[in-house]
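Peer 1: If you want this note's numbering, it's the position in the sequence shown, counting the first as 1, plus 128. Backbone N, C-alpha and C fix where the C-beta goes; we use that ideal spot for every residue, glycine too.
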Amino acid sequence: MVFRQPSRASTSRNRVITASAGTSTIYEDRTVRIDDQGVTIRLYYFPFVSKFVPYSQIESVDLGVMSWLSGRLRIWGTTDFSSWYSLDLSRPRKETAVVLTLAGHGSPSFSPKDADRVETEIRSRIGSHAAN
């Protein structure tokens with residue numbers, strides 16, 4: 129079986145969506161890329177495929193404190209089907225996760241290196257997007 133990354137032009141909510149070329153990177157680390165179009169969560173789907181979320185689909189962004197029983201040991205996937213964690217082998221050494229609430233699509237979660245900055249950057253963009 130051959131796996132390939134879907135087209136960049138994909139817009140279906142059931143498909144993987146990735147950012148288009150020519151966007152300006154605002155923040156980037158091993159788990160996430162934030163640009164002027166939206167948020168790309170790396171290593172979200174099996175096998176190692178990213179998920180792009182445009183700002184227009186993000187209803188809210190929150191920080192969650194991870195304990196050993198609530199997400200810190202969750203390397204990839206979910207236990208309650210309300211949020212999905214992207215693959216992050218270093219998550220057990222982190223304390224904070226970013227949780228996006230999407231319009232009718234669940235809550236992707238990831239643990240960036242600088243969670244406070246990521247939350248601030250996303251919040252400022254979903255606020256400005258709602259104002260337009």
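1. Decide if ARG158 is buried, meaning its Cβ has at least 16 other Cβ atoms within 10 Å, or exposed.
2. Residue range of the beta strand (DSSP E) that LEU230 falls in?
3. With DSSP as the reference, please indicate the residues paired to LEU191 in a beta bridge.
4. I need the boundaries of the beta strand (DSSP E) containing ARG170, first residue and last residue.
5. Per DSSP, LYS179 is paired with what?
Peer 2: In short, the structure shows the following:
1. exposed
2. 224 to 230
3. VAL226
4. 166 to 173
5. ILE169
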